[in-house]
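First the structure, in the form of structure tokens, and then the observations on it.
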């Protein structure tokens, strides 16, 4: 596997994501600066990490979505390359139009930082096939703007197309339908607020994020 992790001013989980991908897959991981106008050739995975890109000015992810590198990410996604956006990365993917909906201020107007239990809503994806029969998983949450919202028509399409990948067992932020992570209609772009990059080995308190990356390896092995 060949992977890239994007780096924006204000990213603070880029190195976490790099290590998580390297440890779980053995992949060669490149760090790509937001001003770059090209991506490394032959990528199998692009990770848009968490943090506070551009200080969350305007809206979380709004300015980052206009960075030069994001135009290349959009093109790669259209070609079928796997893209994973985590926390601020999820916000950026929504702002860039790669995922439906939007992330708003948490319902309690507080930053939520704690372990969080999730149910796996769709196991038949390139991101979840390695979870097997596992009913729920634990990762960590750390955001103030993780409240997923979509209008009624968009939400119905997301649900009808089985685009919800993860749901909260106990909703920490007011997200509609307890949604914690969704994918695009084509199934190659995932956005999620919880952090698999903070839960990929037991020393971190949970290794439940690792199968997400293992699943992506399965896609390549089956190709």
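Residue numbers (my numbering): 884 to 1106. We put the beta carbon where it would ideally sit given N, CA and C, even for glycine. All values derive from a computational prediction rather than experimental measurement.
Rounded Cβ spacing between residue i and residue j (contact assumed at less than 8 Å)
{"i": "residue 1003", "j": "residue 1049", "result": "6 Å"}
{"i": "residue 968", "j": "residue 1074", "result": "4 Å"}
{"i": "residue 927", "j": "residue 964", "result": "7 Å"}
{"i": "residue 1047", "j": "residue 1005", "result": "7 Å"}
{"i": "residue 937", "j": "residue 892", "result": "6 Å"}
DSSP-derived helix/strand/coil call for residue i
{"i": "residue 957", "result": "helix"}
{"i": "residue 1085", "result": "helix"}
{"i": "residue 1053", "result": "coil"}
{"i": "residue 830", "result": "Because residue 830 is not part of the residues shown, which for the chain are 884 to 1106, the question remains open."}
{"i": "residue 1031", "result": "strand"}
{"i": "residue 1023", "result": "strand"}
{"i": "residue 884", "result": "coil"}
{"i": "residue 1097", "result": "helix"}
{"i": "residue 1063", "result": "strand"}
{"i": "residue 1090", "result": "coil"}
{"i": "residue 1104", "result": "helix"}
{"i": "residue 910", "result": "coil"}
{"i": "residue 1058", "result": "coil"}
{"i": "residue 950", "result": "coil"}
{"i": "residue 1037", "result": "helix"}
{"i": "residue 1080", "result": "helix"}
{"i": "residue 899", "result": "helix"}
Rounded straight-line distance, which links the Cα of residue j to that of residue i
{"i": "residue 886", "j": "residue 952", "result": "15 Å"}
{"i": "residue 1077", "j": "residue 922", "result": "26 Å"}
{"i": "residue 929", "j": "residue 992", "result": "31 Å"}
{"i": "residue 960", "j": "residue 1071", "result": "7 Å"}
{"i": "residue 1096", "j": "residue 909", "result": "10 Å"}
{"i": "residue 1093", "j": "residue 896", "result": "16 Å"}
{"i": "residue 1054", "j": "residue 919", "result": "37 Å"}
{"i": "residue 914", "j": "residue 898", "result": "9 Å"}
{"i": "residue 1089", "j": "residue 946", "result": "32 Å"}
{"i": "residue 1000", "j": "residue 1081", "result": "14 Å"}
{"i": "residue 1029", "j": "residue 970", "result": "7 Å"}
{"i": "residue 942", "j": "residue 950", "result": "14 Å"}
{"i": "residue 1087", "j": "residue 1024", "result": "13 Å"}
{"i": "residue 1065", "j": "residue 1084", "result": "23 Å"}
{"i": "residue 995", "j": "residue 1026", "result": "6 Å"}
{"i": "residue 1020", "j": "residue 1069", "result": "24 Å"}
{"i": "residue 958", "j": "residue 1032", "result": "25 Å"}
{"i": "residue 987", "j": "residue 1035", "result": "16 Å"}
{"i": "residue 966", "j": "residue 982", "result": "11 Å"}
{"i": "residue 1045", "j": "residue 1063", "result": "14 Å"}
{"i": "residue 955", "j": "residue 1014", "result": "30 Å"}
{"i": "residue 1059", "j": "residue 1040", "result": "14 Å"}
{"i": "residue 1010", "j": "residue 1042", "result": "17 Å"}
{"i": "residue 911", "j": "residue 925", "result": "11 Å"}
{"i": "residue 916", "j": "residue 1037", "result": "32 Å"}
For residue i, the residue or residues it bridges with in DSSP
{"i": "residue 1000", "result": "1021"}
{"i": "residue 915", "result": "889"}
{"i": "residue 894", "result": "934"}
{"i": "residue 1047", "result": "1065"}
{"i": "residue 1075", "result": "969, 1064"}
Near the ligand PLP: residue i beta-carbon under 7 Å from a heavy atom
{"i": "residue 962", "result": "What this structure holds is no ligand at all, so the ligand PLP is not there to describe."}
Can you check the stretch 922-946 for any beta strand (DSSP E) of at least 3 residues that lies completely inside it and give the ranges in chain order?
928-931
Runs of alpha helix (DSSP H) wholly within the stretch 968-994 (minimum 4 residues, chain order)
971-978
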